[in-house]
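S.K.: My structure is below; once you've seen it, I'll send some questions.
Numbering (this note's numbering), first residue to last: 11 to 83.
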């Protein structure tokens, strides 16, 4: 894999993760902008976003592995 392609995959994954963090911030607030206090709701949404962000981190890991395999192979 060319380094430009690897960098592009890193960029996509980190931009997606950043967007998810922004969404998380919005989702822990009411439409009026007040923070949500319900611990069970926060826990649920947190777990959802951890899974989504982990997918982006896995993309980075997979891309680096593919690039490494290309260099070694």
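Glycine is no exception: its CB is placed at the ideal position from the N, C-alpha and C atoms.
If we ignore side chains and look at the alpha-carbon of each, how far apart do residue 52 and residue 81 end up?
M.R.: As a position in the chain shown, residue 52 is number 42, starting the count at 1. As a position in the chain shown, residue 81 is number 71, starting the count at 1. The alpha-carbon atoms of residue 52 and residue 81 are separated by roughly 43 Å.
S.K.: Quick check: is any heavy atom of the ligand ZN less than 6 Å from the C-beta of residue 46?
M.R.: Judged by which ligands are present, the structure shown has none, so any question about the ligand ZN falls away.
S.K.: Per DSSP, which residues does residue 39 bridge with? Please list them.
M.R.: For the purposes of this step, residue 39 is taken as residue 29 along the chain shown, with counting starting at 1. Beta-bridge pairing links residue 39 to 45.
S.K.: Under the assumption that residue 73 contacts residue 20 (Cβ atoms under 8 Å), give the Cβ distance between them as a whole number of angstroms.
M.R.: Locating residue 73 in the chain shown gives position 63, counting from the first residue. Locating residue 20 in the chain shown gives position 10, counting from the first residue. Right, the Cβ-Cβ distance comes to about 7 Å (below 8 Å), so this counts as a contact.
S.K.: So residue 45 and residue 38 are supposed to be a Cβ contact under 8 Å. How far apart are they, rounded?
M.R.: In the chain shown, residue 45 corresponds to position 35, counting from 1. In the chain shown, residue 38 corresponds to position 28, counting from 1. The pair is a contact, with the Cβ atoms about 6 Å apart (cut-off 8 Å).
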